[in-house]
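Student: The structure under discussion is supplied below as structure tokens; questions concerning it will follow.
Numbering (the numbering used here), first residue to last: 2 to 490.
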């Protein structure tokens, strides 16, 4: 008799768990809190990019939907080794060694991508966002090369199609409200008053980022004002149910993935827009200009590293500023390099022919101080180093207390534009502790029989930040692990 498994959620991690469980011979039912239109958790809100270890182009070609893309012969993907992935994660650990969860993410990232491709979940090079043309070649930077076609929506569609082909079923509008606990093991779930029994339950219901109360409790009062980039349904339900059943909290509950977002976006990710457009409220081209707070001061090194490595921290940094907003300032030299969300029809900005007039239009900012900051920045730019957006170019400022380490160009060619931004939260880092089978553990590392977890519910994967694209890969890695573990006899 095949095992019966309930997966709570329908995001990337949940769908990967379902695919793996179905591969293992189980019968799988996915229960989704949202209606069908808003299913998919945070996955539909992402750009669909996935970071994983690879040695070169030959590792990528089998993962591509279109291996005959005419740009491929003139593309330099470089490599992204497990060692580099580990070093990048260590850079966000605040001195912590790599956690067991991070080690699992690194070591199985490549094989997980190949596993997805075996289920016809295929990818395409991120030419528009992760490469620049240089000497006739498309040169990729930052270790991030592939995303799903049609971004997060496309990833969801392909993974759901794989679940359907394998015989899985989905019930929408079915919020799980509690776990069935019998003799110390999990025997199913409740959907309201309805009891649905199963041999195992996989929680893949996301973190607590959409709960204002839990953000304030775990992360502090600054996070009350955060825009929620993703689904409004990730309110910590799975965490609460698991802890009630004896699960140990694990990971950094005060941490999260945060992103600079349009100050005037809706509180929840632009739900009036088609899913593929919701990401366009992000504003992550700050490395091409400067960011100023209400006092007219810069507050981060906008060019500290490729934006893949800084945007998750800089969203949080904005929320720590007075009034919890900032302005991103650019001149016309870089307008054509700004990501397309800056040309989105609902992008908010001001424009002027002079910096003085621009500063006067930046609502909430000390205009004289802002102008002085911009003039000091311009005077400090090292003009002897060429600008190169494909590399850490070393084009920096000299003599400023807060430097800009790379891509420092004078802001001196009008017209000028400034975009108002705030911090947007994508997902939280605190979660549950799981073992190598994805089984949820108690405080003394005892597995809770019949209870598994994946996705944002796995703690210990990220701490002070993460290199972009790691989140979806983590969901796939730990989703596959939980599904396989739950399906074992």
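Ideal placement from N, C-alpha and C gives every residue a C-beta, glycine not left out.
Buried or exposed, going by whether 16 or more other CB atoms sit within 10 Å of the CB of residue 261?
Tutor: buried
Student: Out of 199, 464, 471, point me to the one whose CA is closest to residue 97's CA.
Tutor: 464
Student: How about residue 455 and residue 431: are their beta carbons less than 8 Å apart?
Tutor: no
Student: Give the straight-line distance between the Cα atoms of residue 109 and residue 115, rounded to the nearest whole angstrom.
Tutor: 10 Å
Student: Would residue 77 and residue 133 qualify as a contact pair, given that the criterion is a beta-carbon distance under 8 Å?
Tutor: Going by C-beta atoms, residue 77 is not nearer than 8 Å to residue 133.
Student: Using the three-state DSSP reduction, which class does residue 81 fall into: helix, strand or coil?
Tutor: Residue 81 falls in the strand class under three-state DSSP.
Student: Just mark residue 80 as buried or exposed, buried being the case when its beta carbon has 16 or more other beta carbons within 10 Å.
Tutor: exposed
Student: Can you tell which of 135, 415, 361, 223 has the C-alpha that lies nearest to the C-alpha of residue 325?
Tutor: 223
Student: In chain order, what residues of the same chain have a beta carbon less than 7 Å from the beta carbon of residue 233, not counting five sequence neighbours either side?
Tutor: 211, 269
Student: Looking at the structure shown, is residue 43 part of a helix, part of a strand, or coil, going by DSSP?
Tutor: coil
Student: Let me know the alpha helix (DSSP H) ranges lying completely inside the stretch 353 to 382, each 4 residues or longer, listed in chain order.
Tutor: DSSP assignment within the stretch 353 to 382 yields the following whole alpha helix (DSSP H) runs of 4 residues or more, N-terminal first: 356 to 362, 368 to 381.
Student: For residue 131, which option in 448, 352, 427, 339 has the closest C-alpha, if you only look at C-alpha atoms?
Tutor: 339
Student: What three-state label does DSSP hand residue 408 in the structure shown?
Tutor: coil
Student: On the DSSP bridge list, what partners appear for residue 328?
Tutor: Answer by DSSP bridge pairing, in chain order: 293, 421.
Student: For residue 228, which of 198, 254, 316, 294 has the nearest alpha-carbon?
Tutor: That would be 316, whose Cα lies nearest to the Cα of residue 228.
Student: Do residue 181 and residue 190 have their C-beta atoms within less than 8 Å of each other?
Tutor: yes
Student: Consult DSSP for residue 257 and reduce its assignment to one of helix, strand or coil.
Tutor: strand
Student: Kindly indicate which residue of 360, 147, 203, 329 has the alpha-carbon position closest to the one of residue 68.
Tutor: Answer by Cα proximity: 147.
Student: Indicate whether residue 381 and residue 399 have their beta-carbon atoms separated by less than 8 Å.
Tutor: Annotated as proximal: residue 381 and residue 399, with beta-carbon spacing under 8 Å.
Student: Can you look up residue 3 in the DSSP assignment and give me helix, strand or coil?
Tutor: Reduced to three states, the DSSP call for residue 3 is coil.
Student: When DSSP labels each residue in this structure, what does residue 13 get in the three-state scheme?
Tutor: In the three-state DSSP reduction, residue 13 falls in the helix class (H, G or I).
Student: Work out the CA separation of residue 461 and residue 253 for me, nearest whole Å.
Tutor: 7 Å
Student: Could you check whether residue 468 and residue 60 sit closer than 8 Å to each other, using their CB atoms as the reference points?
Tutor: no
Student: Can you tell me whether residue 488 is buried or exposed, with buried defined as 16 or more other CB within 10 angstroms of its CB?
Tutor: buried
Student: Where in the stretch 165 to 235 do unbroken runs of the beta strand (DSSP E), each at least 3 residues long, occur, reported from the N-terminal end onward?
Tutor: The qualifying runs are 170 to 172, 179 to 183, 186 to 192, 195 to 198, 201 to 204.
Student: For residue 19, name the three-state secondary structure that DSSP assigns.
Tutor: helix
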